Structure formats: structure tokens, C-alpha cells
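**Student:** Numbering (the numbering used here), first residue to last: 69 to 681.
Don't be surprised by glycine CBs; every beta carbon is placed ideally from N, CA and C.
Keep in mind the model is a prediction, meaning the values are calculated, not measured.
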Amino acid sequence: MCGIVGWVDSDSRTEGKASILDRMAETLRHRGPDDYQTWIHESAAFGHQRLIVVDPDGGRQPMVRTARDEQFVLCYNGELYNTEDIRSVLKSKGWSFASHSDTEVLLISYIEWGPDCVDHLNGIFAFSVWETKRKRLFLARDRLGVKPLFYSHQGDRLLYASEMKAILAHPDVDPVVDRSGVHELLSLGPSRTPGQGVFKDIQEIRPGHCALFEKGKLSVKRYWNVKSAPHEHTFDETVDKVRELFMDASTRQLVSDVKLGTFLSGGVDSSAITAVAAEMYKQNQRGTLETFSIDYKDQARFFKKNAFQPDRDEAFIQLVSQQHQTDHTVMEAATEDLMDRLKQAVELRDLPGMADVDSSLLWFCEEIKKHVTVALSGECADEIFGGYPWFYRKEDKERKGFPWIRSLNERNQLVRDDLKGDIDVEWYMLKRYNETIAETPLLDGEGEDAQKHRQMSYLNMNWFMQTLLERKDRMSMGASLEVRVPFSDHRLVEYVWNVPWSMKFHNDQEKGLLRQALRGILPDRVLFRKKNPYPKTFHPDYTRAVCKWMDDILSDERAPLFQLFDRDQVRKLKESEGKSIDTPWFGQLMTGPQLIAHLCQIDHWFRTYRVQL
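Put into C-alpha cells, the structure is as follows:
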């Protein structure tokens, strides 16, 4: 994977642009430490930080090609999984290739099909193409939003980058957060509205969208969305189709010129990907597949069962690894590993995040990178197949607003009283919720219950999944590790979208359809275990450490955290070690010390980014 950055404006003078571009691109060096190249000409300036995965020599960027009396310049972050399919089609149209990289295939695809090239792509990507004579910039992002792409449109200039920090490094962009941005933090954080960058004047190309910038005008359009249609297959036919699509998606994503491994949590999703990858390694005589899992120091001693985490993963991981003969490594994180990275996780995300759920993943990716450069992970299965409790639990389905934000009262409780006239936490959350509900593609004639399930799936795909994909991208790229997510394959998503809930919830079990599709691939003990989320630490040392951090903030009379939050309420939360609020702030894991750490991250974000309210 890589980091891309650039801008287009009406100023044809090149002096000074190189130093600004270098400054912006340097903020993305973690995304691509292997190479850095620029292309600057008159009104356009582009930079590319590269992590080499395929074709070291032939994939260098920005990539330039002249054809049809035009010069095209590509900056690309991502991976195509149908490279050879597209290459064959383009060869039949007379195109020739100088490399085996997907970068060259993508560039020629744009030259051949223009903006419609996105319809031909299967992969994860964010890219730009500049047409030098026409002076037109094209931007596009993959269908499910695995790879990020932000922009800032100011007058006749458009800035864009893989991460917001690169745009903020431009001297003309200030870290201003207005009323809407404050609402994003307080009502929705650590999620955010699709397309919103929280900072004023920074937006995001939404998943499945592309944009054209020409003569100072920006036009954004949606090129992909799920489409509702009657599901015609029987249950057995549906099981077979899901299995076929999953196997194809996983197999395609094993292509790499560098060492590759898989995340293995012992859950259904990562175990299935591991099983496919291990079998392919055996068939192709590629050696033993490396697999990786995370645990925490003294976790067996301090682990406490709850409704969300009914058991530990260790036994299930061992079962899968032994059955498929993988070279498995358990990485055990200590409290200091988590604490040391809480601040860095904010700086990688450019926003306050999910506390140690982020920092532990960052540490985990750093450890994995010591072994491999590419890893496959099981993200997206729960959102696509209905794996979370809120898909089927009555009280969650009937809750007003996002089911993973159950903390409206707690959020209001922590906000300063004098801000409550200007900040309406519930109003803003419901506003964004209703916008997404109204956008859901429904099927005419479908019953109310079926419509509600579509709305729930659409909410999860556009919100909860985006938060987790953002987390996985920033933390993995923070370690210069490329992570691929086979369950985000758009063909699988399109198909499962129209499968009725009765099939998805087969045998009254979350992801029941997926489990049936994986029979024979995984042992039944793994296949039918209850879902377990990403593990968090239960160590009391972690609680003490985040409380100490919060003590330092509380003792600072000028701490920026208290521009938004009530000092006395935060002190009460700290003194109870987080127990005064027992509702998860977000999702299933952010309670107790995780909430205290999240508030500490907000304070760090204010200080580090010099946020202007």
C-alpha cells in the first residue's frame, strides 16, 4: 500500500511547490517507506510514498503515460485483485504493457475507459489521474471504503491525500473545528459521518464515489451502491454461491511478491481466510503459512466473561493452526505497549479513536511486520452477514438511532452545561442516522420487517464497518503493513445484500448462512462458536495507567479537554476508574478504562493538532 498526496490550482508557477509537497508527503511516510517520488508541472503537484508489494521496478509512481494526444499522470494507493483479467481485455484492444504491476493496468484502464474505469475494477483503491492538456483531475475510491481519500476544495484549488494530516500540512489549511465538527466528536465519536472530515474544509470521498475537478469546479458522483432485488436462490443454492464467492475473493487476495500471512483470532472469519490461504500455500508449494494472534499479559488471570466476550480465543486459535499446519505466533502485549501507543494512534487516525482497541492493533501490526509485509484479515463479515447482537436482539433493533451508540445520556452528562444550548448530542446523532435510513435502497413490495433489516445492514455497511476499516487501515499502515480484507469483495457484498434475514440467521445463529457455507473448511467447534469481538485487556495496571494520565490532565487548569467536557464529571469518572459509566461509549468494548483513555486521546488531539474551535 501507499500514501498519495497532491493538489491542482490555477497557479502555473512551480517555485515553492516542491517544498510544500515534500512536507505534506512526509506526514505519510509510514504508509510507504520504500520509495518517494514526485511529479510537478505548472498547476499540478503530486507525491507518492510507496510500500513495495508487487513489481518493485515496474510499479513506480507517479506513473506517466502519453496516449491519444494526452499525458496522463497516476497516483495510486491500493491493490487490484483482477489485474490479469483487465490486462487481457486491454491487450485485446491493442494496449501493450512494460510491467506486471497493477499500477500500469489501472493507468491504461483510465486511458481506455476514462472515469468509467472504476466499473471494471475489483480491489481496494484510492487514486488520482491528471490529464495534463485538458487540466482535469479524476479521483476515485473503492466501493466499500477500504482505502482512504480526503480532499479540501478552496476556490480554484483542490488538495487531496490519503490522510487528513497531509492536507493539514499545507500552509493554507488550518485545523479549525466548527459546530458541526464538535457535534461529530460528541454525538458520533469515535465514528464520523461518511464524507465528513471533522476539520472544517476537509471532506472525504465516500466509498463507491468518484470526482472530477476541472476549471475550479468539483463534481462528485456515486458510481456504486448495493441494489435491491428479489432473492431467487434456494437456501442450498445460496450457501453454494456464498462459498464460491468467498473462496474466489480469498484466493485472489493471496497474490504478492513479498511475504504474506493472516490474522488468526480463532473466530469464524479469520479462521476461514486462514484455512483457504493455508490450502493454497500447500497446493502451490509456497511453504508454511504464517499466522498471528494477539493476547495480553496476565489475560488468563484477569479476564472476566461478559455478554460480549463469553470466552477467550486461545483454544480455538490452536485448533485452526494445528489443523492447517500454520506457523503460528501469539503476540502478548503488556500495559506499557498499549500506553506507549495511545497518543500515536490518535496521530495516525488524525482523530481521537478507540483507545487501546486502536493502540493494541498498532502494536500487533508492528509485531506482524517483523515477519511479513502483507496480511489478510476478517473485517466486514459481521456487517455483511449480520454478526452483531443489534441485528437480532429486540431491544437493540427497537432502539432509536445507531444501536452501537447507546450512550446518549452519558455523552450529555459529560458535556459542559454552558455548551448544551449550542450542542445537541441527540439531535445531531438522529439527524445523521435518519439521513442514512432515507438513503437505504429498499425493495418495493417488501414487508416492514424485511425493510428494517435492509436499513440495519445499510447502517452497518456505511457506519460501523467504516469505523473498523478506518481503524485497520491507519493502524496497519502506521506499521507499514498492508492488510487485505476478502469479505469486502463487492461481488460478495452485492449478493448477500439481497439474501433474506431468515437465511442469514440460519438456525437462529449470527452469521448462520456464512457458517453453513464454511462447513468442511473449519472444524465444527470453531464454526459454531459464539461470536467474540476483538479482545481487550482486563489488566488493572492498564486502568491505573490511564487514570494516571487523566490525573495529569485534571491537574492542568488549561487542559483543552475541558473546552468541551465538564471537569467535575470527568473527575468523577476517573475516581470510579470508569465504573460510574457502565454503558459502552461506542460499540461493545469502550467502557471503564477504555472511555477514560478515549477522553485522554481527545485532550492529546487538541494539543497535538492545535485544534481551533
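Using the rule of at least 16 other Cβ atoms within 10 Å of the residue's Cβ for burial, across every protein chain shown, is residue 451 buried or exposed?
**Tutor:** Residue 451 comes out buried.
**Student:** What whole-angstrom Cβ distance do residue 560 and residue 307 have, given they're in contact under 8 Å?
**Tutor:** Residue 560 to residue 307, Cβ: 13 Å. No contact.
**Student:** Under 9 Å, Cβ to Cβ, is there at least one residue of chain D near residue 489?
**Tutor:** This model lacks chain D altogether, as it is built from one protein chain only.
**Student:** Alpha carbon to alpha carbon, what distance is there between residue 672 and residue 297?
**Tutor:** Answer to the nearest angstrom: the Cα atoms are 47 Å apart.
**Student:** Start and end of the beta strand (DSSP E) containing residue 196?
**Tutor:** Segment 191 to 199, the beta strand (DSSP E) holding residue 196.
**Student:** What does the alpha-carbon distance come out to for the pair residue 397 and residue 420?
**Tutor:** Computed Cα separation, rounded: 30 Å.
**Student:** Report back the beta-carbon spacing between residue 569 and residue 521 to the nearest angstrom; my notes put them in contact at under 8 Å.
**Tutor:** Correct: roughly 4 Å between the Cβ atoms.
**Student:** From residue 629 to residue 597, what distance separates their C-alpha atoms?
**Tutor:** Taking the straight line joining both Cα atoms gives about 41 Å.
**Student:** With distances taken Cα to Cα, identify the nearest neighbour of residue 567 among 299, 527, 444, 579.
**Tutor:** The candidate whose alpha carbon is nearest that of residue 567 is 299.
**Student:** Which of the three DSSP states is assigned to residue 397 in this structure?
**Tutor:** Strand.
**Student:** Is it true that the CB of residue 141 sits closer than 9 Å to the CB of residue 197?
**Tutor:** Result yes, Cβ atoms of residue 197 and residue 141 sit closer than 9 Å.
**Student:** Does the distance from the CB of residue 413 to the CB of residue 524 come in under 9 Å?
**Tutor:** No. Outside cutoff.
**Student:** Can residue 359 and residue 331 be called in contact, C-beta distance under 9 Å?
**Tutor:** In this structure, residue 331 lies closer than 9 Å to residue 359 by Cβ.
**Student:** Per DSSP, which residues does residue 145 bridge with? Please list them.
**Tutor:** Bridge partners of residue 145: 194.
**Student:** To the nearest angstrom, report how far apart residue 169 and residue 151 are at their CA atoms.
**Tutor:** Whole-angstrom Cα-Cα distance: 8 Å.
**Student:** Tell me, please, which residues DSSP counts as bridged to residue 690.
**Tutor:** In the structure as shown, the chain starts at 69 and stops at 681, and residue 690 therefore has no counterpart that could be examined.
**Student:** For residue 228, which of helix, strand or coil comes out of DSSP?
**Tutor:** DSSP places residue 228 in strand when its eight states are reduced to three.
**Student:** Helix, strand or coil, according to DSSP, for residue 691 in the structure here?
**Tutor:** The structure shown has nothing for residue 691, since the chain only spans 69 to 681.
**Student:** Measure the CB-CB distance between residue 253 and residue 622 and report whether it falls below 9 Å.
**Tutor:** Not closer than 9 Å, so no.
**Student:** When DSSP labels each residue in this structure, what does residue 648 get in the three-state scheme?
**Tutor:** Reduced to three states, the DSSP call for residue 648 is coil.
**Student:** Would you kindly work out how many angstroms separate the C-alpha atoms of residue 272 and residue 217, rounded to a whole number?
**Tutor:** Answer to the nearest angstrom: the Cα atoms are 6 Å apart.
**Student:** So, is residue 243 buried or exposed, given that buried needs 16 or more other C-beta atoms within 10 angstroms?
**Tutor:** Classification of residue 243: buried, given that the 10 Å Cβ count is 16 or more.
**Student:** If contacts are defined as beta-carbon pairs under 8 Å, then residue 278 and residue 183 qualify, I think. What distance do you get, rounded to the angstrom?
**Tutor:** Residue 278 to residue 183, Cβ: 6 Å. Contact.
**Student:** Quick one, which of 314, 165, 247, 129 has its alpha-carbon nearest residue 15's?
**Tutor:** Summary: the structure shown does not reach residue 15, with the chain confined to residues 69 through 681, and so no result is reported for it.
**Student:** Which stretch, first to last residue, makes up the beta strand (DSSP E) that contains residue 223?
**Tutor:** Taken as a continuous stretch (DSSP letters only), residue 223 belongs to no beta strand (DSSP E), as it is neither H nor E.
**Student:** Can you check which of these residues, 81, 86, 95, 319, is closest to residue 72 by C-alpha distance?
**Tutor:** Nearest option by C-alpha distance: 95.
**Student:** So for residue 362, helix, strand or coil by DSSP?
**Tutor:** Here residue 362 sits in strand by DSSP.
**Student:** Three or more C-beta pairs under 8 Å: does that hold for the stretch 334 to 349 against the stretch 604 to 614?
**Tutor:** No, they do not touch.
**Student:** What does a CB cutoff of less than 6 Å around residue 107 pick up in its chain, not counting 5 residues either side in sequence?
**Tutor:** Excluding residues within five positions, the ones whose Cβ falls inside 6 Å are 114, 130, 141.
**Student:** Less than 8 Å between the CB atoms is what I'm expecting for residue 558 and residue 258, so what's the real figure, rounded?
**Tutor:** So it is not a contact: roughly 26 Å between Cβ atoms.
**Student:** Contact between the stretch 498 to 513 and the stretch 401 to 417 is defined here as three or more beta-carbon pairs at a separation below 8 Å; is this criterion met?
**Tutor:** Not touching, per the Cβ criterion.
**Student:** Measuring CB to CB, does residue 104 end up less than 9 Å from residue 186?
**Tutor:** In this structure, residue 186 does not lie closer than 9 Å to residue 104 by Cβ.
**Student:** Which residue or residues does DSSP assign as beta-bridge partners of residue 116?
**Tutor:** 72, 105, per the DSSP bridge assignment.
**Student:** Can you list, in chain order, the stretches of the beta strand (DSSP E) that have 3 or more residues and sit fully within the stretch 247 to 305?
**Tutor:** Whole beta strand (DSSP E) segments, 3+ residues: 277 to 282, 285 to 290.
**Student:** Taking 6 Å as the limit between beta carbons, can you name the residues of its chain near residue 85, skipping five residues before and five after?
**Tutor:** Only 108, 113 meet the Cβ criterion.
**Student:** Do the stretch 120 to 138 and the stretch 161 to 168 meet, that is, are 3 or more Cβ pairs less than 8 Å apart?
**Tutor:** Taking 8 Å as the limit for Cβ pairs, the verdict is that the stretch 161 to 168 does touch the stretch 120 to 138.
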